[in-house]
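Peer 1:
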Amino acid sequence: MATLTERWLRPSRPRTHFPQYELGDASIVGMAQARTDTVARIYHKGHEQAWDGRTTLDELVAKHGGIHFPEDKKRAFGKVASVLLWGELAAWSISADLAVKLEDTPAKMAASSQVFDEARHFYVLRDYLWRAGIEVERLGGWSRRLLVELLETDNLLYKVVGMQLLVESTAVVMFRAIADAKIEPVLTELLYYFERDEARHVGLGVLTLPQVLEGLSDRDALALWWFQTRMQLEMIASGFIINPAFLELGIDPAAMNLQGFRYHNEILRRMKKVRPDRGTEQKSIKGLFKLSRAGQDRLQELFFPSKPPSMWQRTLLGAMAAVAERTDRWLAARAPA
Ligand SMILES: [Fe+2]
Ligand SMILES: [Fe+2]
């Protein structure tokens, strides 16, 4: 029987493992585990916290006497919202794929509840944009590339690391920043619901990954590290494209980036805590992209200088932005019409 890690790296076909009869064993331990499993609790929490998107949106619109989106911010929000909306669509398909392919029942349950959440996020956000009179824009080249990679990979470890740890955590940070900017009251209140759901989706990664990462060979760990690093670079590139829109909305991309680093640290801390018996060896986060506090501070200062940047730094940032824009357009031009 392949190990858990091997099953995540190279999922088998149902013909080799379906059905897993041991799931029906009525052992005392199995029954107790099924009732108390922390991963399965994500599914139950999903039920408890489920909200009806139609009534929630209707009630918020009624409460605030309609949606009055500032005209001068519609265009910028349309750019940000396109990443969020198409990101929700990707998350919907990716979680559905995980629900099909994960064999472990608690993780399968958690992914299944995520499918409902993402479907709701997609239709509610789209409905909001339609009602607010904001045009739904096309996705930028780098953002699309990143999401397509996650949609297409058959490797469940890459899918969960990319989706649950990177995309979901970025979504949490973005939703919070947009809500804090108080651009439009209905949106501000609506995003609270999104954020609470996305935090649960991060939880699926935090709780399931440690056991899988522990079984990684050094070679597979390096491959994972490279996959994640590439995703981070793609995110940096798409950041160059979208950050001007955030600035127009009165949202500081520097503060958001810092928030992202802090959240990333918290995620790693929680993953280490999931299996505290392994002490400082930290096998539970093997292969993950890690950056020391000092490294994070240096990157933060490079991309978002707190003091007026030096000549070389201005040149470097300008060149990176130009490359990001050009390659983004190049990639977008190759996307299907
Ligand atoms: Fe979502
Ligand atoms: Fe999500």
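Just so you know, we're using our numbering here: the sequence shown kicks off at 11 and counts up by one.
Even glycine gets a Cβ: it sits at the ideal position worked out from N, Cα and C.
Note that this is a predicted model, so its numbers are computed, not measured.
Mind checking whether the beta-carbon of residue 35 lies closer than 7 Å to any heavy atom of ligand 4?
Peer 2: Only ligand 1 and ligand 2 can be found as ligands here, which leaves ligand 4 out of the picture.
Peer 1: Report the start-end ranges of each alpha helix (DSSP H) in the stretch 169-229 that is 4 residues or longer and not cut off at the edges.
Peer 2: Counting only runs of 4 or more, we get 178-190 and 195-224.
Peer 1: Report the rounded CA-to-CA distance for residue 117 versus residue 329, giving the unit in angstroms.
Peer 2: Near 43 Å, if we compare the C-alpha coordinates of residue 329 and residue 117.
Peer 1: Does DSSP put residue 296 in a helix, in a strand, or in coil?
Peer 2: Here residue 296 sits in coil by DSSP.
Peer 1: Taking the Cβ atom as the reference point for each residue, do residue 105 and residue 53 lie within a distance shorter than 8 Å?
Peer 2: No.
Peer 1: Secondary structure at residue 8, three-state DSSP: helix, strand or coil?
Peer 2: Lying before the first or after the last residue shown, residue 8 is absent from the chain, which here runs from 11 to 347.
Peer 1: How far does the alpha helix (DSSP H) with residue 322 in it reach, from first residue to last?
Peer 2: Run containing residue 322: 321-343, per the alpha helix (DSSP H) assignment.
Peer 1: Enumerated in chain order, which unbroken segments of the alpha helix (DSSP H) with a length of 4 residues or greater are wholly contained in the stretch 53-102?
Peer 2: Complete alpha helix (DSSP H) runs here, min 4: 63-73.
Peer 1: Do residue 79 and residue 143 count as a contact pair if the criterion is CB distance below 8 Å?
Peer 2: The answer is yes: Cβ separation under 8 Å.
Peer 1: Below 8 Å CB to CB, which residues in the same chain sit around residue 147 once its five sequence neighbours on both sides are set aside?
Peer 2: These residues qualify, in order along the chain: 88, 89, 91 and 92.
Peer 1: Starting from residue 153, trace the alpha helix (DSSP H) in both directions and tell me its first and last residue.
Peer 2: Element bounds for residue 153: 151-162.
Peer 1: Can you give the Cα-Cα distance for residue 265 and residue 128, rounded to whole angstroms?
Peer 2: Their backbone Cα atoms lie some 26 Å apart in a straight line.
Peer 1: Taking just the CA atoms, how far does residue 270 sit from residue 280?
Peer 2: Distance between the alpha carbons of residue 280 and residue 270 is about 15 Å.
Peer 1: Apart from the five residues just before and just after residue 345, which ones in its own chain have a Cβ nearer than 8 Å to its Cβ?
Peer 2: Correct list, in chain order: 148, 149, 151 and 154.
Peer 1: In this structure, does DSSP put residue 316 in helix, strand or coil?
Peer 2: Coil, per DSSP.
Peer 1: Assuming residue 233 and residue 296 make a contact with CB atoms under 8 Å, what is their CB distance in whole Å?
Peer 2: Contact doesn't hold; Cβ gap of about 12 Å is too wide.
Peer 1: Can at least three beta-carbon pairs, one atom from the stretch 177-189 and one from the stretch 40-49, be found at a separation below 8 Å?
Peer 2: No, because fewer than three Cβ pairs between the stretch 177-189 and the stretch 40-49 fall closer than 8 Å, the two stretches do not touch.
Peer 1: Using only the heavy atoms of ligand 1, determine whether one of them is closer than 7 Å to the beta carbon of residue 107.
Peer 2: Residue 107: no, Cβ never under 7 Å from ligand 1.
Peer 1: So, does the stretch 132-142 touch the stretch 189-208, judging by three or more C-beta pairs under 8 Å?
Peer 2: Yes: the two stretches touch, three or more of their Cβ pairs being nearer than 8 Å.
Peer 1: Shorter than 7 Å, the distance from the beta carbon of residue 98 to the closest heavy atom of ligand 1, or not?
Peer 2: Yes, Cβ of residue 98 sits closer than 7 Å to a heavy atom of ligand 1.
Peer 1: Under 7 Å from any heavy atom of ligand 2, does the C-beta of residue 338 make it?
Peer 2: False, no ligand heavy atom lies under 7 Å from that Cβ.
Peer 1: Exposed or buried, what is residue 312 when buried is set at 16 or more other beta-carbons lying within 10 Å of its beta-carbon?
Peer 2: Residue 312 should be labelled exposed.
Peer 1: Grab me the residues of residue 137's own chain with a C-beta within less than 7 Å of its C-beta, minus the 5 sequence neighbours each way, in chain order.
Peer 2: Excluding residues within five positions, the ones whose Cβ falls inside 7 Å are 67.
Peer 1: May I have all residues whose beta carbon comes closer than 7 Å to any heavy atom of ligand 2, sorted in chain order?
Peer 2: In chain order, the hits are 101, 124, 127, 128, 131, 178, 181, 207, 208 and 211.
Peer 1: Which residues mark the beginning and the end of the alpha helix (DSSP H) in which residue 38 is found?
Peer 2: Residues 38-46.
Peer 1: Exposed or buried, residue 56, counting other C-beta atoms within 10 Å across all chains shown (16 or more means buried)?
Peer 2: With 16 or more other Cβ atoms within 10 Å, it is buried.
Peer 1: Just curious, the alpha helix (DSSP H) that residue 145 is in, first and last residue?
Peer 2: Per DSSP, residue 145 belongs to no alpha helix (DSSP H) and is neither H nor E.
Peer 1: When the distance is taken between beta carbons, is residue 277 closer than 8 Å to residue 212?
Peer 2: Yes.
Peer 1: Compute every distance between the C-beta of residue 204 and the non-hydrogen atoms of ligand 1, then say whether any falls below 7 Å.
Peer 2: Residue 204: yes, Cβ under 7 Å from ligand 1.
Peer 1: When you compare each of 335, 14, 157 and 110 to residue 249 by their alpha carbons, which one comes out closest?
Peer 2: Among 335, 14, 157 and 110, the Cα nearest to that of residue 249 belongs to 335.
Peer 1: With distances taken Cα to Cα, identify the nearest neighbour of residue 204 among 36, 187 and 220.
Peer 2: Checked all of 36, 187 and 220; the closest Cα to residue 204 is 187.
Peer 1: Between 83, 321 and 29, which lies nearest to residue 192 when the distance is taken from Cα to Cα?
Peer 2: Of 83, 321 and 29, the residue nearest in Cα terms is 83.
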